[in-house]
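When you read off a place in the sequence shown, starting at 1, and then add 2, the result is the number in my numbering.
Using N, Cα and C, we set each Cβ at its ideal position, and we do this for glycine too.
Everything below concerns the one structure shown next.
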Amino acid sequence: MTSGKAAFYLNSSGSMASNVMTATASGSNVLLSGLAAGEVSSTSLDAVNGSQLFGLASSTASALGGGASANADGSVSAPSYALTNANSINGTTGAANNVGSAFQTVDNALGKLNTAVAQNTTDIANMSTQINNGTIGLVQQDATTRNITVAKNTDGTTVDMTGTAGTRTVTGVTAGQLNATSTDAVNGSQLYATNQNVAQNTTDIA
Numbered sequence: 003m004t005s006g007k008a009a010f011y012l013n014s015s016g017s018m019a020s021n022v023m024t025a026t027a028s029g030s031n032v033l034l035s036g037l038a039a040g041e042v043s044s045t046s047l048d049a050v051n052g053s054q055l056f057g058l059a060s061s062t063a064s065a066l067g068g069g070a071s072a073n074a075d076g077s078v079s080a081p082s083y084a085l086t087n088a089n090s091i092n093g094t095t096g097a098a099n100n101v102g103s104a105f106q107t108v109d110n111a112l113g114k115l116n117t118a119v120a121q122n123t124t125d126i127a128n129m130s131t132q133i134n135n136g137t138i139g140l141v142q143q144d145a146t147t148r149n150i151t152v153a154k155n156t157d158g159t160t161v162d163m164t165g166t167a168g169t170r171t172v173t174g175v176t177a178g179q180l181n182a183t184s185t186d187a188v189n190g191s192q193l194y195a196t197n198q199n200v201a202q203n204t205t206d207i208a
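Structure representation (structure tokens):
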């Protein structure tokens, strides 16, 4: 089949022994124009035109996001996804230029995050154990002597026991030493004994 500008053959030899059609113009390929949009389906054998291919490229670019766009030749420009560096979790940003790299970076970041969360969980559990054992915090207990200290590594001169309901009673106080240099707290029984002695002395003197 020929026209004024091009010849169409079923194959390059011009015979009908093949199901391949070749279009040539003086030995060169020719442009087919005015081609209707072919059916796009799993069974379609229709030819498709440029607008259909461009539509496919455009929808693909839209689905990719990241600034991807359809090019005039039907290709899709690579997207660029701004991502936090998954290796440091320190706010450093980078760019992934394909979906696979983007997901890999996100996956790496989630892995780092899971590791950090697991470590924090372990640290919190260890801290809770140390607090319960009295090895850290303002109130600590020596593992060997079992002596208890309060704020030994800080300053301050007053221990205030007042709460929202007012003053509190400190109980379970061992009898402190009574001498000129003692800084021990004394308990009620010691004061009671002193009062009894004073009363007896007063009686004896009288």
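Item: Spatial distance of V175 from G139 (CA atoms); Value: 22 Å
Item: T107 burial status per 10 Å Cβ neighbour count (16 or more: buried); Value: buried
Item: Assigned secondary structure, N31 (DSSP; H/G/I helix, E/B strand, else coil); Value: strand
Item: Beta-carbon proximity of P81 to A72, cut-off 8 Å; Value: no
Item: Beta-carbon spacing of V50, V42 below 8 Å; Value: yes
Item: Identified DSSP bridge partners for G96; Value: L85
Item: Nearest to A110 (by Cα), restricted to the options G158, L85, Q198, I126; Value: A small fix is needed here, since residue 110 is Asn in this sequence, not Ala. Nearest of G158, L85, Q198, I126 to N110, Cα basis: L85.
Item: Where Q142 falls, given that 16 or more other Cβ within 10 Å makes a residue buried; Value: buried
Item: Contact under 8 Å by Cβ, G40 with L55; Value: no
Item: Test item: CB-CB of S191 and A177 under 8 Å; Value: yes
Item: Opening and closing residue of the beta strand (DSSP E) in which T151 lies; Value: 150 to 152
Item: Three-state class that DSSP yields for V50 in the structure shown; Value: coil
Item: Host beta strand (DSSP E) of Q143 (start-end); Value: 141 to 143
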